[in-house]
Amino acid sequence: MSSFTKSQSEAIRHVDGPLLVLAGPGSGKTTVVTKRVQYLVQDCSISPSSILVITFTKAAATEMKERFTRLMEQQAQPPGGYGNVSFGTFHAVFFNILKLSYGFTVANIITEETRRQYLKESVDRMKLEIDDENEFLTGIAGEISLIKNERVELEHYFSKNCSEEVFRKIYEGYEERKKRARLIDFDDMLVYTWELLSQRKDILSAWQKKYQYILVDEFQDINRLQYDILRLLAEPENNLFIVGDDDQSIYRFRGARPEIMLNFRKDYPQSGQVLLNDNFRSTTQIVEAAGRVIARNKTRFPKNIIARGGDGALVRSLEFPDQQQECTYILREIQNWQARGGLLRQVAVIYRTNTQPRVVIQKLMEYNLPFRVRDQVPNLFQHWIARDLFCYMRLAMGSGLRKDLLPVLNRPKRYLSRECLNDERISWEYMLNFYKDKRYVCDRIERLQYDLKMMSRMGPFAAINYIRHVIGYEEYLKEYAGFRRMNVEDLLEVLSDLQESAREYHTYEEWFIYIEKYTEEMEQLKKRQQEVKDGVHLTTMHSSKGLEYEKVFILDAAEGITPYKKAVLEPDLEEERRMFYVAMTRAKKELTICWTKKVGSHEKKPSRFLEEMQEEV
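Following the UniProt record's numbering, the numbering of the sequence shown begins with 1 at its first residue and continues without gaps.
As structure tokens, this is what we get:
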């Protein structure tokens, strides 16, 4: 134990009863978990088969198992070996329980594709017109997951994506379809395990005897249902060894509840607590700057993190007039890093949302620097709003095709039905004749013809402005946002981004050529990602968790971006601060935080986190 700190040794040597281990960034928590398992088996003669290590990802479970195996390779093996320690995710562990009780197999687990298909069938049955179908289905799937994990009654749930009536019908249709096919989703695994262990005391008792020592990694990400099952399994000895960092809890949108960790010692008054407060990853400057930011959160365990990474460069906070200049600076800095012998894979550009890195990706391509993107970057030009604009533009360019008019027929409302389009080609004469008894509809058809004629004389930038304000597309977006319970500002921002991208093009043809080229480049980029061995890492704050880099740039640290504009309530703001803290603590040697006065057409102010970084609480 001489190579461990006092607090690490204390955690590793803990045997019986509950223990809360607060593990700050870079504090060696994975080592502590695996060494503790080794200590239990080797020094305390505890049977490997009675130890359960739970992680949140399959990759983390695999890494833990591999580390433990390497630790034990040098040791004399007892009969049966050490390989019987169970390492797995919550879902893997709970599915194993269900498999033995109900005879489920992998074939009973619904695939993501089938799950989406069942949800879509419910939407189609209701004849809902959903423009952003992918986003809608993802949102509904997330809400179904939340209901199950929080054990909320369906009739008491208020949907974020549509009306309660619509949501309930989709939910019930999905559950019924799933039941008929005898399939379960990942959330059912938790619900069924909870029901089984709550109702069958004999089965619960068998699993309690099986797993007498339970270790949980990344405990700050646990949800209510996972915790309730865990508490059942741990009884009566309550040998629960939980490791995590409340300051790195960034998954509330998935149901993670950091307050569970904060209240752990209330649930287990006999629990001990150990703080792993040595950061072996980062320099003093990075640790102290990050510490000043996170100290602003009120709902947290107070910590004094000590930097063991030595002295280093000051954390830089830089202001730029616009994103072009911000990204040009970052690219030159990366080139300088490379010229000094640094590897590109040691550099990361971290951002709040996956729509942000468009400009930096363009610059990396321009500078011919290889890079890897951890999250899929959505193509702005494949957004449904972009598709609507393209329809209007093609019509203005002279397209007479029904497929170009149909999507925008009632965007905004013109009271037109698809029956008035009787052929593959548009007949304005037929349309007017179809509505000859409804003068107010004919007026709208004639107005649309006039608008398209006006647009035929414009460039794409002016045309988008005309579609927005004269044709009335913004009013349509406001209505749609109301139906979808979305923030209309998000849709208007997409519209503004599209308009801004068209600014320098004089004709529709020029803009369409640029869009086609950009889309091809993005497709090529996706294909080449696996081939990049040494490239700059581009990642969201969420996906950066658990990673570390020599040199880190945080992109667009401005109000409305980080903290994100939707974060209004205090718990949301505290989560945004935790995300920023996670991003900062990925850096080992150098950290540069950038913000721009202008993002697209929007004026910006520096993030409050930049000011907090400078000031002691």
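Every residue, glycine too, gets a C-beta built ideally from N, C-alpha and C.
Pull the bridge partners of residue i from the DSSP assignment, please.
i      : result
Asn279 : Ala307
Arg316 : Thr592
Ser205 : Looking at the DSSP assignment, Ser205 forms no beta bridge with any residue, so it has no partner.
Val85  : Answer is none; Val85 lacks a bridge partner.
Thr539 : Ile350
Gly272 : Leu19
Arg177 : Beta-bridge pairing links Arg177 to no other residue.
His602 : Val599
Gly560 : Tyr564
Arg425 : Leu401
Ala587 : Tyr549
Ile109 : Ile184
CB-CB under 6 Å to residue i, same chain, minus the five flanking residues each way: which ones, in chain order?
i      : result
Asn422 : Tyr430
Leu22  : Leu275 and Phe301
Ile110 : Leu183 and Asp185
Tyr192 : Leu98
Arg36  : Ile12
Between the alpha carbons of residue i and residue j, how many angstroms are there, rounded?
i      : j      : result
Pro412 : Ser122 : 26 Å
Leu389 : Cys162 : 25 Å
Leu498 : His156 : 39 Å
Lys178 : Arg116 : 11 Å
Thr562 : Ile361 : 20 Å
Asn263 : Leu230 : 15 Å
Ser101 : Glu153 : 26 Å
Arg13  : Gly546 : 25 Å
Asp132 : Ser205 : 48 Å
Arg387 : Gly459 : 17 Å
Gly309 : Leu232 : 41 Å
Ser601 : Glu175 : 44 Å
Val347 : Lys589 : 10 Å
Lys533 : Lys210 : 43 Å
Glu612 : Val15  : 40 Å
Arg418 : Asp451 : 20 Å
Start and end of the alpha helix (DSSP H) containing residue i?
i      : result
Val377 : It is not in any alpha helix (DSSP H) - Val377 carries neither H nor E in the DSSP assignment.
Val293 : Thr284 to Ile294
Glu550 : Taken as a continuous stretch (DSSP letters only), Glu550 belongs to no alpha helix (DSSP H), being part of the beta strand (DSSP E) at Tyr549 to Ile554.
Tyr450 : Arg439 to Met455
Glu150 : Glu133 to Glu150
Ile250 : Run containing Ile250: none; DSSP gives neither H nor E here.
His91  : Phe90 to Tyr102
Leu190 : Phe186 to Gln199
Leu233 : Arg224 to Ala234
Asp29  : In the sequence as displayed, the identity of residue 29 is Lys instead of Asp. Residues Lys29 to Gln42.
Ala502 : Careful: Ala502 lies outside any alpha helix (DSSP H) and carries neither H nor E.
Val359 : Arg358 to Glu366
Pro258 : Pro258 to Leu262
Ser9   : Lys6 to Ile12
Asn465 : Pro460 to Tyr466
Cys391 : Trp384 to Ala396
Report the CB separation of residue i from residue j in whole angstroms; it is logged as a contact under 8 Å.
i      : j      : result
Gly535 : Phe371 : 4 Å
Tyr466 : Met454 : 7 Å
Leu98  : Val349 : Their Cβ separation, rounded to whole angstroms, is 42 Å, which puts Leu98 and Val349 out of contact at 8 Å.
Asn354 : Gln376 : 7 Å
Val106 : Pro48  : So it is not a contact: roughly 25 Å between Cβ atoms.
Glu87  : Met64  : Looking at the sequence itself, residue 87 is Phe, so the reference to Glu does not match. Indeed, because the Cβ distance is near 5 Å, the residues count as touching under 8 Å.
Val216 : Tyr581 : With 8 Å as the limit, Val216 and Tyr581 do not qualify as a contact, their Cβ atoms being about 22 Å apart.
Lys605 : Ala558 : 6 Å
Val287 : Asn279 : 5 Å
Arg577 : Arg296 : 6 Å
Excluding the 5 residues preceding and the 5 following residue i in the sequence, name in chain order all residues of the same chain whose CB lies nearer than 7 Å to its CB.
i      : result
Gly291 : Ile305
Val488 : Leu477, Lys478 and Ala481
Ile170 : Leu119, Ser122, Val123 and Ile140
Glu164 : Phe158
Glu113 : none
Gly400 : Arg425 and Ile426
By the DSSP assignment, the beta strand (DSSP E) with residue i in it spans what residues?
i      : result
Thr328 : Counting along the chain, Thr328 falls outside any beta strand (DSSP E), though it belongs to the alpha helix (DSSP H) covering Gln323 to Ala339.
Phe241 : Leu240 to Gly244
Leu610 : Unbroken run through Leu610 is the alpha helix (DSSP H), Arg608 to Gln614; no beta strand (DSSP E).
Ile54  : Ile51 to Thr55
Leu215 : Tyr213 to Val216
Excluding the 5 residues flanking residue i on each side, which residues of the same chain have their C-beta closer than 8 Å to its C-beta?
i      : result
Glu475 : Pro412
Tyr213 : Leu40, Ile46, Ser50, Ile51, Leu52, Asn239 and Phe241
Tyr329 : Leu318, Phe320 and Cys594
Leu190 : Phe90, His91, Phe94, Lys148, Asn149, Leu225, Gln226 and Ile229
Leu405 : Cys391, Leu395, Leu421 and Ile426
Glu259 : Thr299
Leu610 : Ser317, Ala557, Ile593 and Trp595
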